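Trainee: Have a look at this one before I ask anything.
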Amino acid sequence: MFQQTPASDAAAPALGGNANAMAMQQMGFHDLLHNFDFLGWIVFVVLVAMSFSSWYFIIANAIRNSMVRGRADGVINGFWSNNSTQDAIRELEAQPKGEPFSKIALDAASAVAHHQQASASGGRLAESLSRSEFIDRALRQAVARESLRLEGGMTLLATVGSSAPFIGLLGTVWGIYHALIRIAASGNASMEAVAGPVGEALIMTAFGLFTAIPAVLAYNFFTRSNRLTYARFDEFAHDLHDFFATGARVEGVAPTQK
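Residues in the sequence shown are numbered consecutively from 3, following my numbering.
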């Protein structure tokens with residue numbers, strides 16, 4: 003009346019489950035490294051290099067920007083609080099090498115001294131450029147130079163943020179291609195045949211995103227932070243121009259910020 007199920011039929015699902023479990027274990031990062039081919043290694047190495055370089059500039063720019071903005075008020079207020087220009091210049095010269103506000107002020111003071119020397123010696127510089135024009139040119143060059151220094155690493159962050167997902171996508175496409183090759187070679191689409199290549203595809207996608215997302219966030223943050231610093235450069239440069247050109251600071255008049 004009752005038909006007994008063969009032992010082999012009862013064990014088949016268990017064997018299938020064990021095979022699937024073993025196949026899923028081939029989707030780890032360790033197995034990914036062992037299954038890489040030439041293109042897979044190129045994609046992986048490029049993403050690793052992008053990740054390390056972007057994190058280097060993220061940390062370097064964060065430290066530099068925090069130091070610049072932390073010293074800005076002290077440098078600017080220290081310059082205006084000195085009773086003599088010579089004391090202010092000596093205090094500026096004592097600032098660290100990478101401090102931008104002191105370098106802008108020193109360039110303006112150097113331009114004034116150079117123009118005075120040229121005027122005293124009867125050179126053509128004083129005839130071709132007035133004191134105000136010469137100071138203005140020196141300040142523009144100093145602001146442009148210090149602004150460019152703050153841009154260090156920004157191009158790389160933008161490049162990593164825009165290209166890393168596509169490089170990871172290349173690894174994804176290549177992993178799916180390997181899965182299709184295994185299906186064609188084995189004649190079946192079992193988990194054991196496709197687990198390795200699919201795991202490679204998923205990991206490369208995630209790796210590309212993990213590389214790109216911090217770079218994009220850092221780029222946007224530093225762009226905003228640099229814009230605020232540029233505005234302070236311009237404001238300080240305007241005050242310096244008025245001071246060195248007229249001998250007095252014009253207070254209460256700040257450049258329009260957009």
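By construction, the Cβ of each residue, glycine as well, lies at the ideal position given by its N, Cα and C atoms. Just so it is clear, the structure is predicted and the values come from calculations on it, not from any experiment.
In the DSSP assignment, find the unbroken alpha helix (DSSP H) run with residue 92 in it and report its ends.
Mentor: By one-based count along the sequence shown, residue 92 stands at place 90. Run containing residue 92: 87 to 95, per the alpha helix (DSSP H) assignment.
Trainee: Go ahead and pull the three-state DSSP assignment for residue 102.
Mentor: Your numbering for residue 102 matches position 100 in the sequence shown. Helix.
Trainee: Find out if the Cβ-Cβ distance for the pair residue 142, residue 114 is shorter than 9 Å.
Mentor: Taking the sequence shown and counting its residues from 1, the one referred to as residue 142 is at position 140. Taking the sequence shown and counting its residues from 1, the one referred to as residue 114 is at position 112. Not in contact: residue 142 and residue 114 (Cβ atoms no closer than 9 Å).
Trainee: Out of 220, 168, 99 and 69, state which residue places its alpha-carbon closest to the alpha-carbon of residue 60.
Mentor: On the sequence shown, position 58 is the one that residue 60 refers to. Taking only the C-alpha atoms, the option nearest residue 60 is 220.
Trainee: If residue 238 and residue 103 are in contact, beta carbons under 8 Å, what's the gap, nearest whole angstrom?
Mentor: Locating residue 238 in the sequence shown gives position 236, where the first residue counts as 1. Locating residue 103 in the sequence shown gives position 101, where the first residue counts as 1. About 6 Å; that satisfies the 8 Å criterion.
Trainee: List the whole-angstrom C-beta distance separating residue 74 from residue 106, where the pair is believed to meet the contact cut-off of C-beta under 8 Å.
Mentor: Counting from one through the sequence shown, the residue named residue 74 turns up at place 72. Counting from one through the sequence shown, the residue named residue 106 turns up at place 104. The pair is not a contact, with the Cβ atoms about 11 Å apart (cut-off 8 Å).
Trainee: Going by beta carbon distance, what residues of the same chain come within less than 7 Å of residue 215, once the five residues before and after it are set aside?
Mentor: Residue 215 sits at position 213 when you count from the first residue of the sequence shown. Nothing meets the Cβ criterion.
Trainee: Where does residue 251 fall in DSSP's three states?
Mentor: The count along the sequence shown starts at 1 and reaches residue 251 at position 249. Three-state DSSP puts residue 251 in coil, outside helix and strand.
Trainee: Could you tell me the distance, in whole angstroms, from the CA atom of residue 26 to the CA atom of residue 163?
Mentor: Here residue 26 is taken as the residue at index 24 of the sequence shown, counted from 1. Here residue 163 is taken as the residue at index 161 of the sequence shown, counted from 1. Only weak support is given to the placement of residue 26: the predicted model assigns it a pLDDT of 47, under 50, and the value that follows is read from those uncertain coordinates. Rounded to whole angstroms, residue 26 to residue 163 spans 31 Å at the Cα level.
Trainee: Which same chain residues end up closer than 6 Å to residue 232 when comparing Cβ atoms and leaving out the 5 residues on each side of it in sequence?
Mentor: In the sequence shown, the residue the question calls residue 232 occupies position 230. If we look at residue 232 and ignore the five residues flanking it on each side, its Cβ neighbours are 149.
Trainee: Between 209, 119, 112 and 156, which has its C-alpha nearest residue 138's C-alpha?
Mentor: For the purposes of this step, residue 138 is taken as residue 136 along the sequence shown, with counting starting at 1. Minimum Cα distance to residue 138 is reached at 112.
Trainee: With DSSP run on the structure shown, which of helix, strand or coil describes residue 244?
Mentor: By one-based count along the sequence shown, residue 244 stands at place 242. DSSP places residue 244 in helix when its eight states are reduced to three.
Trainee: How would you label residue 65, buried or exposed, when you count the other beta carbons within 10 angstroms and need 16 or more for buried?
Mentor: The residue you call residue 65 lines up with position 63 of the sequence shown. Classification for residue 65: exposed.
Trainee: Is there contact between the segment 151 to 170 and the segment 204 to 214, where contact requires at least three CB pairs shorter than 8 Å?
Mentor: Yes, they touch.
Trainee: Anyone know if the C-beta pair for residue 225 and residue 203 falls short of 9 Å?
Mentor: Within the sequence shown, the letter at position 223 stands for residue 225. Within the sequence shown, the letter at position 201 stands for residue 203. Not a contact, by the Cβ cut-off of 9 Å.
Trainee: Would you report the Cα separation of residue 110 and residue 242, rounded to the nearest angstrom?
Mentor: Along the sequence shown, one-based indexing puts residue 110 at 108. Along the sequence shown, one-based indexing puts residue 242 at 240. In a straight line, the C-alpha of residue 110 is about 7 Å away from that of residue 242.
Trainee: I'd like to check one pair, residue 93 with residue 69: are the Cβ atoms closer than 9 Å?
Mentor: Residue 69 sits at position 67 when you count from the first residue of the sequence shown. Residue 93 sits at position 91 when you count from the first residue of the sequence shown. No, Cβ-Cβ distance for residue 69 and residue 93 is not below 9 Å.
Trainee: How many Å lie between residue 77 and residue 56 at the Cα?
Mentor: Along the sequence shown, one-based indexing puts residue 77 at 75. Along the sequence shown, one-based indexing puts residue 56 at 54. Spanning the two alpha carbons is a distance of roughly 30 Å.
Trainee: Which residues in the same chain have their Cβ closer than 7 Å to the Cβ of residue 49, if we skip the five residues on either side of it in sequence?
Mentor: Here residue 49 is taken as the residue at index 47 of the sequence shown, counted from 1. Taken in chain order, the residues that qualify are 166, 169, 170, 209, 210 and 213.
Trainee: What residues in its chain sit with their C-beta under 6 Å from that of residue 108, if we drop five residues either side in the sequence?
Mentor: On the sequence shown, residue 108 is found 106 positions in, with the first residue counted as 1. Contacts found: 94.
Trainee: Would you mind reading off the limits of the alpha helix (DSSP H) that contains residue 68?
Mentor: Your numbering for residue 68 matches position 66 in the sequence shown. Counting along the chain, the alpha helix (DSSP H) containing residue 68 begins and ends at 40 to 83.
Trainee: Can you give the Cα-Cα distance for residue 63 and residue 44, rounded to whole angstroms?
Mentor: In the sequence shown, counting from the first residue as 1, residue 63 sits at position 61. In the sequence shown, counting from the first residue as 1, residue 44 sits at position 42. One C-alpha to the other measures close to 28 Å.
Trainee: Using the Cβ count rule (16 or more neighbours within 10 Å means buried), how would you classify residue 230?
Mentor: Along the sequence shown, read from residue 1 onward, the residue named residue 230 stands at position 228. So residue 230 ends up on the exposed side.
Trainee: Can you check which of these residues, 251, 228 and 206, is closest to residue 47 by C-alpha distance?
Mentor: Along the sequence shown, one-based indexing puts residue 47 at 45. Of the candidates 251, 228 and 206, the one whose C-alpha sits nearest the C-alpha of residue 47 is 206.
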